[in-house]
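>
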Amino acid sequence: MTLGSLIGALIALAVLLLVWAVLIYNRLVARKQQTQEGWSGIDVQLKRRANLIPNLVETVKAYTAHERRTLESLTEMRRRALAAENAPAGTRAAVEERLGSALGHLFAVAENYPDLKASDSYLALQEELSDIEDHIQMARRYYNGTVRNLNTLIDSFPSTLIAQRFGFMKADYYEVDQAADRALPQLRLGDDGA
Numbered sequence: 459m460t461l462g463s464l465i466g467a468l469i470a471l472a473v474l475l476l477v478w479a480v481l482i483y484n485r486l487v488a489r490k491q492q493t494q495e496g497w498s499g500i501d502v503q504l505k506r507r508a509n510l511i512p513n514l515v516e517t518v519k520a521y522t523a524h525e526r527r528t529l530e531s532l533t534e535m536r537r538r539a540l541a542a543e544n545a546p547a548g549t550r551a552a553v554e555e556r557l558g559s560a561l562g563h564l565f566a567v568a569e570n571y572p573d574l575k576a577s578d579s580y581l582a583l584q585e586e587l588s589d590i591e592d593h594i595q596m597a598r599r600y601y602n603g604t605v606r607n608l609n610t611l612i613d614s615f616p617s618t619l620i621a622q623r624f625g626f627m628k629a630d631y632y633e634v635d636q637a638a639d640r641a642l643p644q645l646r647l648g649d650d651g652a
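Using the working numbering, the first residue of the sequence shown is number 459, and each one after it goes up by one.
1. Should Ile469 go down as buried or exposed, given a rule of 16 or more other Cβ atoms within 10 Å for buried?
2. With a cut-off of 8 Å, do at least 3 Cβ pairs link the stretch 581 to 588 to the stretch 526 to 534?
3. I want to see whether chain E comes within less than 8 Å of Val605, judged by CB atoms only; does it?
4. If you measure between the beta carbons of Ile482 and Ser617, is that distance less than 8 Å?
5. Classify Asn602: buried if its beta carbon has 16 or more other beta carbons within 10 angstroms, exposed otherwise.
6. I need the DSSP call for Phe565, collapsed to helix, strand or coil.
7. Below 8 Å on the Cβ atoms is my guess for Val567 versus Thr517; work out the distance and round it to an integer in Å.
8. Comparing alpha-carbon positions, which option in Arg623, Asn607, Glu554 lies nearest Glu633?
9. Given that a residue counts as buried once 16 or more other Cβ atoms are within 10 Å of its Cβ, and exposed if not, what is Leu561?
10. Give the DSSP-derived three-state secondary structure of Glu554 in the structure shown.
11. Use the C-beta contact count for Asn609: other C-beta atoms within 10 angstroms, 16 or more gives buried, fewer gives exposed.
12. Could you tell me the alpha carbon to alpha carbon distance between Leu464 and Leu619, rounded to whole angstroms?
13. Check whether the Cβ atoms of Asp630 and Pro546 lie closer than 8 Å to each other.
14. Is Asp573 helix, strand or coil when you go by DSSP?
15. Measuring only the C-alpha atoms, how far is Asp501 from Val605?
16. Just reading off the alpha helix (DSSP H) that Asn609 is part of, what are its end residues?
17. Could you tell me the boundaries of the alpha helix (DSSP H) in which Met535 lies?
18. Using the Cα positions of Asn509 and Asp578, report the straight-line distance between them to the nearest angstrom.
19. Going by beta carbon distance, what residues of the same chain come within less than 7 Å of Gly499, once the five residues before and after it are set aside?
20. My guess is that Phe626 and Leu486 are in contact by the Cβ rule of under 8 Å, so how many angstroms apart are they, rounded?
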């Protein structure tokens, strides 16, 4: 083997390694972008839910004047959820869990008011909230799937070499901490005779 062919082989190897590194880097960037897109989807649905709460509170207030503490608690949880907008996924999930619990409590209180349960505006808000909760669950599943893909790529060899070199960090899953909070509030649509 001549010196020229050895240099040519080394250059070819260097070019292949560079192409390989660029391809892995681009995959990491794409997975990171998908994860950010997934979080954005959750954020949109959480904002939709937060924006619906004032209307729900006003509707319930008209029928349940003496349930002020429940309504104040829900309003406070909404304020905290909006304030946690830029918080890490784990922190945001905990705040949103508390908001979901407060909503569940509101619906439990509303069960004691037959006129409220029969109100068209209450039923429409309840149906819209149920739809939003479904969208939140879909967005959470998508986000967690993108987090799984990103984290797997970051942990896999040889892409871990590129991830470490360029500072790619694993993302946090959007998880519910307590088993009791994993269930969505049960929403009853329409008058079930109760």
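Every residue gets a Cβ at the ideal spot worked out from N, C-alpha and C, and that includes glycine.
Walking through what the data contain:
1. exposed
2. no
3. Chain labels in this structure do not include chain E; a single protein chain is all it has.
4. yes
5. buried
6. helix
7. That belief does not hold up - the Cβ atoms of Val567 and Thr517 are roughly 13 Å apart, past 8 Å.
8. Glu554
9. buried
10. helix
11. buried
12. 27 Å
13. yes
14. helix
15. 15 Å
16. 578 to 613
17. 526 to 541
18. 19 Å
19. Ala597, Tyr600, Tyr601
20. 5 Å
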